[in-house]
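In terms of numbering that gives the first Met the number 0, the sequence shown has 77 at position 78, counting the first letter as 1, and numbering is strictly consecutive.
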Amino acid sequence: MEPLRSSLIDGSSDLIEKLTVHPFLVETANGTISEERFGRWLVQDYLWVKEYERFLAVLAARAPQEVRRSFFEALQNAHGEIELFEEMASRIGVDLLTARMMLACNAYASFLHATVSLKTFAEALAACYGAEYSYLAAWSRVKRDQKSPSPWQGFIELWSSESYRDWVDSLGKMIDAVPASSHAVLIDRMQETFRWAIQYELHYWNMAHEGTEC
Numbered sequence: 000m001e002p003l004r005s006s007l008i009d010g011s012s013d014l015i016e017k018l019t020v021h022p023f024l025v026e027t028a029n030g031t032i033s034e035e036r037f038g039r040w041l042v043q044d045y046l047w048v049k050e051y052e053r054f055l056a057v058l059a060a061r062a063p064q065e066v067r068r069s070f071f072e073a074l075q076n077a078h079g080e081i082e083l084f085e086e087m088a089s090r091i092g093v094d095l096l097t098a099r100m101m102l103a104c105n106a107y108a109s110f111l112h113a114t115v116s117l118k119t120f121a122e123a124l125a126a127c128y129g130a131e132y133s134y135l136a137a138w139s140r141v142k143r144d145q146k147s148p149s150p151w152q153g154f155i156e157l158w159s160s161e162s163y164r165d166w167v168d169s170l171g172k173m174i175d176a177v178p179a180s181s182h183a184v185l186i187d188r189m190q191e192t193f194r195w196a197i198q199y200e201l202h203y204w205n206m207a208h209e210g211t212e213c
C-alpha cells in the first residue's frame, strides 16, 4: 500500500509543480527579483509566521504525547525564523511594526486557524504538512537553480537545509502513521486539506509577486 504522505503529494502534484516554478521563485533563483517584490513577501511572510506560531501551539496541544515534543521544537524554530525576518527587514529599511496583512496572507492564516480549531488532528496535521512541504519543495528548487549567492541567501539556506528536511520528513512519518483502517472520509479530508494548503501557497506567491489583493 502506498504511504499516505505519497498519496497526498501525488494528489497535488499539479499544484506543487506550479508552485516550484512560480515566477517569484524563478526570479529569486536567478537574482532578478526586485527588492520591492521580495520586501512585500518578507513583510507578509513575517506576519504569516507569527500566526503560524499560534497554529503550531494549538496543534501541539492536540497532538498525541509521543509526537508533541516535535511541535514544541518547531515553535522554537519559528521564533528563530521571526528573528531572521526582522534582521532582513532592518537591512532593507522595512518597518514591520506597522505592517498589515494582505488578503492572501490573511486567508491562509485563517484557513490554518479554522482547521486546527474545528477539524480533526489528522486534518490539521495534513495542513501543517502541506505548508511545510511546500516551502521545502519551493526553496530547495531555488537552491538548486541559483547560479550565484543571493541577498536573501539566509532564507534559501533555512528552508532547503537538512534540518528543515528532517522536520518535514518527521511530519510525513506522522501522516503515514495514521491508521490504514481510518475511515475513507477522513483520508479524503486529509487529502483535501493538504491540497488547500498548496493552493493557498500559490495565491501567496501571486500576492508577493504581483502585489494584488485578489
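Even for Gly, the Cβ is constructed at its ideal location relative to N, Cα and C.
Values in this document were obtained by computation on a predicted structure and should not be read as measured data.
* Asked: Taking only runs of the alpha helix (DSSP H) that begin and end inside the region 9-57, which ones reach a length of at least 4 residues, in chain order?
  -> Runs of the alpha helix (DSSP H) inside the region 9-57: 12-19 and 22-29.
* **Helix, strand or coil at residue 219 [DSSP, three-state]** => With the chain covering 0 to 213 only, the question about residue 219 has no answer from this structure.
* To do: Say whether chain D places a C-beta atom closer than 7 angstroms to the C-beta of residue 33.
  => Judged by its chain identifiers, the structure shown contains no chain D, having just a single protein chain.
* Helix, strand or coil at residue 79 [DSSP, three-state] -> Three-state result, residue 79: helix.
* Verify whether the separation of the beta carbon atoms of residue 174 and residue 4 is less than 7 angstroms. => Yes; because the gap between Cβ atoms is below 7 angstroms, this pair is in contact.
* To do: With a threshold of 16 other CB atoms inside 10 Å of the CB of residue 71, please say whether the residue is buried or exposed.
  => Result: exposed.
* Identify, in the order they occur along the chain, each residue of the same chain with its Cβ nearer than 6 angstroms to the Cβ of residue 59, setting aside the five sequence neighbours on each side. => Excluding sequence neighbours, residue 59 sits near 67, 70 and 71.
* Asked: How many Å lie between residue 78 and residue 124 at the Cα?
  -> Roughly 20 angstroms separates the two Cα atoms.
* **Buried or exposed by the 16-neighbour rule on C-beta atoms within 10 Å, applied to residue 97** => Counting every other CB atom within 10 Å of its CB across the protein chains shown gives residue 97 a total below 16, marking it as exposed.
* To do: Check each candidate in 84, 146 and 52 and name the one with the smallest Cα separation from residue 154.
  => Considering only 84, 146 and 52, the residue with the shortest C-alpha distance to residue 154 is 84.
* State buried or exposed for residue 130, treating a residue as buried only when at least 16 other CB atoms are found within 10 Å of its CB. => Residue 130 is buried by the Cβ-count criterion.
* Asked: With a CB to CB cut of under 6 angstroms and the five nearest residues on each side skipped, what residues in its chain are close to residue 141?
  -> Within the same chain, 24, 27, 28 and 155 come within 6 angstroms of residue 141 by CB-CB distance, once the 5 residues on both sides are set aside.
* To the nearest angstrom, report how far apart residue 187 and residue 91 are at their CA atoms. => Each residue's alpha carbon lies about 44 angstroms from the other.
* Say whether the region 185-201 touches the region 6-26, bearing in mind that this needs 3 or more beta-carbon pairs closer than 8 angstroms, one atom from each stretch. => They touch, by the three-pair rule.
* **Residue span of the alpha helix (DSSP H) that contains residue 92, given as start and end** => Segment: none, residue 92 is in no alpha helix (DSSP H) and carries neither H nor E.
* Of the choices 61, 114, 49 and 37, whose alpha-carbon is the least far from that of residue 195? -> Among 61, 114, 49 and 37, the Cα nearest to that of residue 195 belongs to 114.
* Asked: Leaving out the 5 sequence neighbours to the left and right, which residues in its chain are closer than 8 angstroms to residue 53 when beta-carbon positions are compared?
  -> Taken in chain order, the residues that qualify are 112.
* Asked: For residue 11, is the classification buried or exposed, using 16 other Cβ atoms within 10 angstroms of its Cβ as the cut-off for buried?
  -> With a threshold of 16 other beta carbon atoms within 10 Å, residue 11 meets it and is buried.
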